[in-house]
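J.:
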Amino acid sequence: MKNAFKVTAIFLIALSILSACKKKTDNPMEFTIDAQNLTPCTEGSCLYEYTNYAAMSDQQMALTTGQYRIFLATKSNSFSTTRVYIQAPMLGDKFLLNDADILAGKVKYLFSCPTCDYINLTPIAGTVKGIKVANSNTSSEKWLLDAQIVLAAEKTKLPIDTIYIKQYFNLAVK
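Here the sequence shown stands for residues -22 to -1, 1 to 152, numbered as in mature numbering (1 follows the signal peptide of the UniProt record, and there is no 0).
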């Protein structure tokens, strides 16, 4: 009886130690993005593109030469245009932007509508994940991005809207 207890106790202790020593992967860069449920372009026209070695220079989002990869999501209809600019690192096959990056200005939102009554919105939180997609022989490099961007009225922290973007971005044609 004592031997059965000892064997059971040793087995349970060994099992506890092995499960406690299991390698934990809390690396935020270990993520995948599936190509399901891509953002549809329901009305008007949409454009998802990126530019290498660029930077965002001012509030009107004019791109200049720089050390970043700038992703641009544009949605236009007959009366307005919405643009989201995402500044990502140039190096690597994937990237992750978090709340701190968004507050640091790496994500910009621009809505223009000459006939609308609206307030300026600014990104205050969210995540942007990007993965370089293996290119085939017939296409240039492309990226798959999955973004959730929380917007607030300019100079406030009160969330008003959230933008979701999940789409392939192609290299911009100059």
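Ideal placement from N, C-alpha and C gives every residue a C-beta, glycine not left out.
Quickly, what does DSSP pair leucine 149 with across the bridge? List them, please.
T.: Tyr28
J.: If tyrosine 146 sits next to valine 111, beta carbons under 8 Å apart, how far is it from one beta carbon to the other, in whole angstroms?
T.: 7 Å
J.: Report the rounded CA-to-CA distance for lysine 144 versus threonine 93, giving the unit in angstroms.
T.: 29 Å
J.: So, are the CB atoms of valine 106 and alanine 130 less than 8 Å apart?
T.: no
J.: Quick check on the DSSP output: the beta strand (DSSP E) that includes proline 101 runs from which residue to which?
T.: 99 to 111
J.: Span of the beta strand (DSSP E) holding glutamine 14?
T.: Unbroken run through glutamine 14: none, as it is neither H nor E.
J.: From the DSSP output, in three-state form, read off lysine 144 for me.
T.: strand
J.: Tell me whether glycine 70 is buried or exposed, calling it buried when 16 or more other Cβ atoms sit within 10 Å of its Cβ.
T.: exposed
J.: From the DSSP output, in three-state form, read off alanine 130 for me.
T.: Correct three-state label for alanine 130: strand.
J.: What's the C-alpha gap between cysteine 19 and lysine 53?
T.: Each residue's alpha carbon lies about 8 Å from the other.
J.: What span of residues does the beta strand (DSSP E) with residue 154 cover, start to end?
T.: Residue 154 lies beyond the range of the chain shown here (-22 to 152); nothing can be said about it.
J.: Relative to the C-alpha of tyrosine 26, which candidate in Thr60, Phe73 and Lys72 has its C-alpha closest?
T.: Thr60
J.: Should tyrosine 46 and alanine 66 be called a contact, given that it needs their Cβ atoms to be closer than 8 Å?
T.: At a Cβ-Cβ threshold of 8 Å, tyrosine 46 and alanine 66 count as neighbours.
J.: Excluding the five sequence neighbours on either side, which residues of its own chain have a C-beta within less than 6 Å of the C-beta of threonine 42, listed in chain order?
T.: Ala33 and Ser35
J.: Specify the secondary structure class of aspartate 79 as computed by DSSP and reduced to three states.
T.: helix
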